[in-house]
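A.B. asks: Quick one: the structure is below, and I'll ask about it shortly.
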Amino acid sequence: MFSIFKKELWAYFGTLGAYIVSAAFLLICSLFLWFFDNDFNVFNVGLATLNNFFILAPWVLMFLLPALTMKSIAEEEQNGTLVWLFSQPLSVSSIVLGKYWAILILVLFSLLPTFTYVYTINNLSLPKGNIDSGIIVSGYIGLLFLSMTFASIGIFCSSLVKNQVLAFVTGVFFCFICFYGFENLASYNLLGNLDYTLQKIGFFQHYTSFTKGIVDTRDIGYFIFVIVVFLLLSIRIINSKK
723 MFSIFKKELW
733 AYFGTLGAYI
743 VSAAFLLICS
753 LFLWFFDNDF
763 NVFNVGLATL
773 NNFFILAPWV
783 LMFLLPALTM
793 KSIAEEEQNG
803 TLVWLFSQPL
813 SVSSIVLGKY
823 WAILILVLFS
833 LLPTFTYVYT
843 INNLSLPKGN
853 IDSGIIVSGY
863 IGLLFLSMTF
873 ASIGIFCSSL
883 VKNQVLAFVT
893 GVFFCFICFY
903 GFENLASYNL
913 LGNLDYTLQK
923 IGFFQHYTSF
933 TKGIVDTRDI
943 GYFIFVIVVF
953 LLLSIRIINS
963 KK
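Just so you know, the sequence shown maps onto residues 723 to 964 in our numbering.
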């Protein structure tokens, strides 16, 4: 697993890939939070809070993470190197986990520059330093778990299809359905008492708890369960290709 992990890290950080992704994430979030005249703009809100960042970030990551993961398995299969990996003394789980952890390092690398938002909000607040640090910390924890879940979905979709573009489209679709699809469907109140259950199936309610400053072990357990399920499905699908 460590060999795959190092190989994937070099593929990202040995080229401009990691830096472009990180810059794109920071640029998009910064434009919406500080420059564009919209509902996300911090100055329009007039409060020393990063709630709008935690609302905006999942929608950006919903596209960026499938773009990162689309080549993880699909490219290997397309280039014929997946068969070569099978011939090495590597288990399929090592291949999947090595690629998964490399993507998570890239996610952390992309999130680190956003701490400048915390510094800026802290200095702009009146009086200075009058921010709710607890909500900010819990928001980042929730964003990290959501990113980990999106990454597991992206790897699953990459193992599902051979074409990278199709893996990206499928990844975005699955991430959207899991994050907001169930929540949106439940809002129509078509299933009566089952609407609440439908909301709990999706990511939105569990993630929103973190943005309110609530770090619930049930929400953490939910995300860990979903991550494990999608990684196990990826391993099963790749095993079937041996």
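C-beta atoms are modelled at their ideal positions from N, C-alpha and C, and glycine is treated no differently. In this text the structure is predicted, and so the values were computed from the model without any measurement.
In the DSSP assignment, find the alpha helix (DSSP H) that holds residue 857 and state where it starts and stops.
C.D. replies: First-last of the alpha helix (DSSP H) with residue 857: 855-882.
A.B. asks: Output yes or no for whether 8 Å exceeds the beta carbon distance between residue 792 and residue 880.
C.D. replies: A contact, by the Cβ cut-off of 8 Å.
A.B. asks: Does residue 811 pass the burial test, meaning 16 or more other C-beta atoms within 10 Å, or should it be called exposed?
C.D. replies: The residue is exposed, with fewer than 16 neighbouring Cβ atoms inside 10 Å.
A.B. asks: Find the nearest neighbour of residue 776 within the set 829, 786, 758 and 762, judged by alpha-carbon distance.
C.D. replies: Considering only alpha carbons, the answer is 762.
A.B. asks: Going straight from the alpha carbon of residue 875 to that of residue 774, what length do you get?
C.D. replies: C-alpha separation (whole angstroms): 25 Å.
A.B. asks: First and last residue of the alpha helix (DSSP H) that includes residue 941?
C.D. replies: Where residue 941 is concerned, the enclosing alpha helix (DSSP H) stretches over 939-961.
A.B. asks: Applying the criterion that 16 or more other CB atoms from any shown protein chain within 10 Å of the CB defines a buried residue, is residue 941 buried or exposed?
C.D. replies: The residue is buried, with at least 16 neighbouring Cβ atoms inside 10 Å.
A.B. asks: Could you check what DSSP says for residue 828 in three-state terms: helix, strand or coil?
C.D. replies: Reduced to three states, the DSSP call for residue 828 is helix.
A.B. asks: Compute the Euclidean distance between the alpha carbons of residue 759 and residue 767, then round it to the nearest angstrom.
C.D. replies: Rounded to whole angstroms, residue 759 to residue 767 spans 11 Å at the Cα level.
A.B. asks: Classify residue 795 as buried or exposed, calling it buried when 16 or more other Cβ atoms lie within 10 Å of its own Cβ.
C.D. replies: With 16 or more Cβ atoms within 10 Å of its Cβ, residue 795 is classed as buried.
A.B. asks: Could you tell me how far apart the beta carbons of residue 948 and residue 871 are, in whole angstroms, since I believe they sit closer than 8 Å?
C.D. replies: Rounded, the Cβ-Cβ distance is 5 Å, consistent with contact.
A.B. asks: Does the distance from the C-beta atom of residue 936 to that of residue 818 stay below 8 Å?
C.D. replies: No, the Cβ-Cβ distance between residue 936 and residue 818 is not below 8 Å.
A.B. asks: As an exercise, report each continuous alpha helix (DSSP H) stretch of at least 4 residues that is fully enclosed by the stretch 740-814, in chain order.
C.D. replies: With a minimum length of 4 residues, the continuous alpha helix (DSSP H) runs that stay inside the stretch 740-814 are 764-767, 773-791, 796-801 and 803-808.
A.B. asks: Give the range of the alpha helix (DSSP H) segment to which residue 931 is assigned.
C.D. replies: Where residue 931 is concerned, the enclosing alpha helix (DSSP H) stretches over 926-933.
A.B. asks: Is the beta carbon of residue 960 sitting closer than 8 Å to the one on residue 821?
C.D. replies: Going by C-beta atoms, residue 960 is not nearer than 8 Å to residue 821.
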